[in-house]
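As structure tokens, the structure follows; a few thoughts come after it.
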Amino acid sequence: MKLPVISTLYNYNYAVHSKVWDCIDHVTDEQFVQDVDYSLGSIRNHYVHLINADSRWMSRMQGTPLPDRVLESDFTTRALTRARWEQVALAMLQFVGTLREDDLDRVIDYDLPHRGGWKHDPMWQILIHVVNHGSDHRAQILPILHSLGAPTLEQDLMIYLWGREGT
Numbered sequence: 000m001k002l003p004v005i006s007t008l009y010n011y012n013y014a015v016h017s018k019v020w021d022c023i024d025h026v027t028d029e030q031f032v033q034d035v036d037y038s039l040g041s042i043r044n045h046y047v048h049l050i051n052a053d054s055r056w057m058s059r060m061q062g063t064p065l066p067d068r069v070l071e072s073d074f075t076t077r078a079l080t081r082a083r084w085e086q087v088a089l090a091m092l093q094f095v096g097t098l099r100e101d102d103l104d105r106v107i108d109y110d111l112p113h114r115g116g117w118k119h120d121p122m123w124q125i126l127i128h129v130v131n132h133g134s135d136h137r138a139q140i141l142p143i144l145h146s147l148g149a150p151t152l153e154q155d156l157m158i159y160l161w162g163r164e165g166t
């Protein structure tokens, strides 16, 4: 029963990110990298953070070496950042598509030195964390977009699910 829920949450997460990117298309590259005096700063910084976080969480769950962190300075435009983000999103959706129900309870051991060291969590908790983390950052990005005059959207799960009715 958990696997269909995880799959739905991941489809929701990355579909809504895609809609946020459609909103981002309404700002300039200068506005995209413009510093904001809150949290991670610019819209670009939020997405670079998510690129790093999602990639590293996926590697932990796959048991592969963590990828090097990408740098904010490597992403000077919306197009460059979105292209890399879309690679990460596709990889994560493909990974989730390979999971079996019994994978969800497998304990993942990983080290987070900046958060107290070694952690041991079932995969389903990490998977849900990634979705929640994405929602958190979208909720920070949307007011920035609004302040820049770009359109925004509602990102509620139920609105996403209602839009899928009949599919």
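Numbering that gives the first Met the number 0 puts the first residue of the sequence shown at 0, with every later residue one more than the last.
A virtual CB, placed ideally from N, CA and C, is assigned to each residue, including glycine.
| query | So which of L156, D67, R99 has the shortest CA-CA distance to V47? | reply | Locating residue 47 in the sequence shown gives position 48, where the first residue counts as 1. Taking only the C-alpha atoms, the option nearest V47 is D67.
| said: Rounding to the nearest angstrom, what Cα-Cα distance links L111 and W117 in this structure? | reply: Looking up residue 111 in the sequence shown gives position 112. Looking up residue 117 in the sequence shown gives position 118. Looking at the two C-alpha atoms, the distance is approximately 6 Å.
| request: Would you grab the beta carbon distance between I143 and I125 for me? Rounded to a whole angstrom, and I think it's under 8 Å. | output: Your numbering for residue 143 matches position 144 in the sequence shown. Your numbering for residue 125 matches position 126 in the sequence shown. Between I125 and I143 the Cβ distance is about 27 Å, and since that is not below 8 Å, they are no contact.
| message | DSSP three-state label for Y13, please. | response | As a first step, residue 13 is located in the sequence shown; it is residue number 14 there, counting from the start. Note: Y13 maps to helix in three-state DSSP.
| query | Looking only at C-alpha atoms, which of L103, R99, G96, D28 sits nearest to F74? | reply | Taking the sequence shown and counting its residues from 1, one reaches residue 74 at position 75. F74 has its Cα closest to that of D28, out of L103, R99, G96, D28.
| Those residues which DSSP pairs with H119 across a bridge | In the sequence shown, the residue the question calls residue 119 occupies position 120. In the DSSP output, where bridge partners are listed per residue, H119 has D108.
| task | Could you check what DSSP says for Y159 in three-state terms: helix, strand or coil? | result | Your numbering for residue 159 matches position 160 in the sequence shown. Residue state, collapsed to three classes: helix.
| Who are the Cβ neighbours of S54 in its own chain at under 6 Å, not counting the five residues just before and after it? | Locating residue 54 in the sequence shown gives position 55, counting from the first residue. The answer, listed in chain order, is P66, V87.
| said: Between the alpha carbons of L160 and Q33, how many angstroms are there, rounded? | reply: Within the sequence shown, the letter at position 161 stands for residue 160. Within the sequence shown, the letter at position 34 stands for residue 33. Those two C-alpha atoms are separated by around 33 Å.
| said: Quick check on R37: buried or exposed, where buried means 16 or more other Cβ atoms within 10 Å of its Cβ? | reply: For the purposes of this step, residue 37 is taken as the residue at position 38 of the sequence shown. Contrary to the premise, residue 37 reads as Tyr rather than Arg in this sequence. Result: exposed.
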